Amino acid sequence: MEEWNSRQRAFAIKMFYKTDDSLEGEQREFRRFFKLGRHGRVPSKHAIKTWVQNFEETGSALKKKPTERPRSVRTQQNIETVHVLVLQSPRRSVRKQAAAVSVSRESVRRILRFDLNFHPYKLQIVQQLKENDHQLRLQFCQQIMTNINEDNEFLDKLWMSDEAHFHLTGYANKHNWADRNPTEVHERPLHASKVTVWCAVSSHGVIRPYIFENEDRITVTVTSDRYAEMLQTFVAPALNNFPQLHETWFQQDGATSHTARQSIAAVRELFGNRVNSRFGDIPWPPRSPDLSVCDFFLWGYLKSRVYTT
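Heads up, the sequence shown is in full-length UniProt numbering, so the first residue is 1 and it goes up one at a time.
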């Protein structure tokens with residue numbers, strides 16, 4: 001906010017000429033006219049000279065507005081060109097858009113943000129669904145809602161399980177700072193080593209992760225034999241830690257190792273006719289990892305903790 005208003009500035013300029021360039025006399029007249037008292041604050045000599053200079057150059061005592069630099073890149077033509085290119089290819093990168101218009105990437109970003117009011121977004125990668133999948137997913141959800149309406153504790157009785165791969169080689173930051181290029185390289189194997197981890201979660205807690213590996217602690221693939229063994233030797237004892245849960249339901253996806261005859265038999269032995277699975281009492285829809293809490297929460301949380309160490 002300006003300290004001196006236009007009336008005060010006009011009076012100061014008038015007194016500047018009337019007192020014949022006597023700044024002390026002008027300040028004295030300024031105090032008297034505006035009744036500021038002997039020690040009242042008055043404009044400085046520098047301020048008065050600036051006002052007089054502005055008045056003589058522009059006819060106004062106000063600050064001179066900075067001269068706007070004419071736009072050389074964000075022209076109307078370039079704005080329209082970028083607009084058309086983005087509408088035609090919305091997934092093309094800013095770098096490629098800039099090359100097409102022959103301007104810098106930063107200029108294209110400014111056009112997108114300030115001239116076109118566009119905003120960046122991240123593409124969400126989801127499981128591809130086939131034609132019949134939508135109906136199967138709907139039927140599954142309707143059945144779950146029916147169970148909830150019939151038993152308001154149904155969700156508290158449900159264990160949801162899944163498997164995920166944890167890669168062991170980690171990732172290297174490719175953008176680093178140094179006073180010179182050290183020509184440093186980071187080697188990684190063609191096929192990154194990983195472990196397969198199983199876990200189950202319910203509203204009452206988590207059955208801790210189970211890693212599929214052999215006696216030598218070497219990662220192995222999940223087969224129906226290994227899956228059934230895991231259910232019998234690991235899951236069954238773990239369920240004893242939740243004695244308050246009776247008639248619990250168990251969910252698993254439709255992986256072959258889960259739905260083989262031997263695996264289904266092991267699941268039935270633990271959970272009877274309360275199974276959400278392919279060949280189960282409530283058929284689990286194919287290609288639907290997003291319906292499992294393990295996929296949309298648990299694995300992301302665990303990996304964020306694992307990869308920070």
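Note that beta-carbon positions come from the ideal geometry of N, C-alpha and C, so glycine has one too.
Quick caveat: nothing in here was measured; it's all calculated off a predicted structure.
Kindly list the residues whose CB is nearer than 7 Å to the CB of residue i, restricted to its own chain and excluding five residues on each side of it in sequence; keep chain order.
i           : result
Phe-234     : Tyr-210
His-258     : Tyr-227, Gln-252 and Ser-277
Phe-33      : Phe-11
residue 330 : No information on residue 330 is available, as it lies outside the stretch 1 to 309 that the chain covers here.
Phe-296     : Asp-290
Leu-231     : Ala-266, Val-267 and Leu-270
Lys-45      : Leu-23
CA-CA distance, residue i and residue j?
i           : j       : result
Thr-169     : Val-195 : 11 Å
Ser-93      : Phe-212 : 41 Å
His-246     : Val-306 : 33 Å
residue 322 : Val-73  : Lying outside 1 to 309, the shown extent of the chain, residue 322 is not represented and no answer is given.
residue 326 : His-134 : Here the chain covers residues 1 to 309 and nothing more, so residue 326 does not appear.
Lys-157     : Asp-281 : 15 Å
Asn-214     : Ser-224 : 15 Å
Asn-273     : Arg-105 : 60 Å
Ser-193     : Asn-149 : 45 Å
His-39      : Glu-3   : 17 Å
Ser-89      : Glu-131 : 27 Å
Arg-261     : Pro-283 : 16 Å
Lys-49      : Thr-75  : 39 Å
Lys-303     : Asp-216 : 24 Å
Tyr-121     : Tyr-301 : 22 Å
Ser-22      : Val-103 : 55 Å
Val-220     : His-167 : 14 Å
Thr-19      : Thr-58  : 22 Å
Ile-218     : His-165 : 14 Å
Thr-308     : Glu-229 : 32 Å
Ser-60      : Arg-7   : 12 Å
Leu-62      : Arg-113 : 33 Å
Phe-118     : Ala-47  : 44 Å
Please state if the CB of residue j and the CB of residue i are separated by a distance shorter than 8 Å.
i       : j       : result
Val-82  : Ile-111 : yes
Val-267 : Phe-250 : yes
Glu-26  : Ala-10  : no
Phe-271 : Thr-248 : yes
Asn-147 : Phe-140 : no
Asp-115 : Ile-79  : yes
Ile-207 : Ala-238 : yes
Once you ignore the five residues that flank residue i on each side, which residues in its own chain have a CB closer than 8 Å to its CB?
i           : result
Val-108     : Val-82, Val-94, Gln-97, Ala-98 and Val-101
Val-42      : Gln-27, Phe-30, Arg-31 and Leu-36
residue 317 : The question about residue 317 has no answer, for the chain in this structure spans 1 to 309.
Ala-255     : Glu-163 and Val-222
Residues in its own chain within less than 6 Å of residue i by CB, not counting five upstream and five downstream?
i       : result
His-204 : Phe-242
Leu-136 : Pro-285
Ser-292 : Met-160 and Asp-162
With a threshold of 8 Å between beta carbons, is residue i in contact with chain C?
i      : result
Ser-22 : Absence of chain C from the displayed structure is noted, only one protein chain being present.
Touch test, the region 198-208 against the region 153-173, Cβ-Cβ under 8 Å, three pairs minimum: yes
Length-filtered (3 minimum) beta strand (DSSP E) runs lying within the region 224-285: 249-251
Any beta strand (DSSP E) of 3 or more consecutive residues that is wholly inside the region 33-85: none
Meets three-Cβ-pair contact criterion under 8 Å: the region 119-138 and the region 286-301: yes
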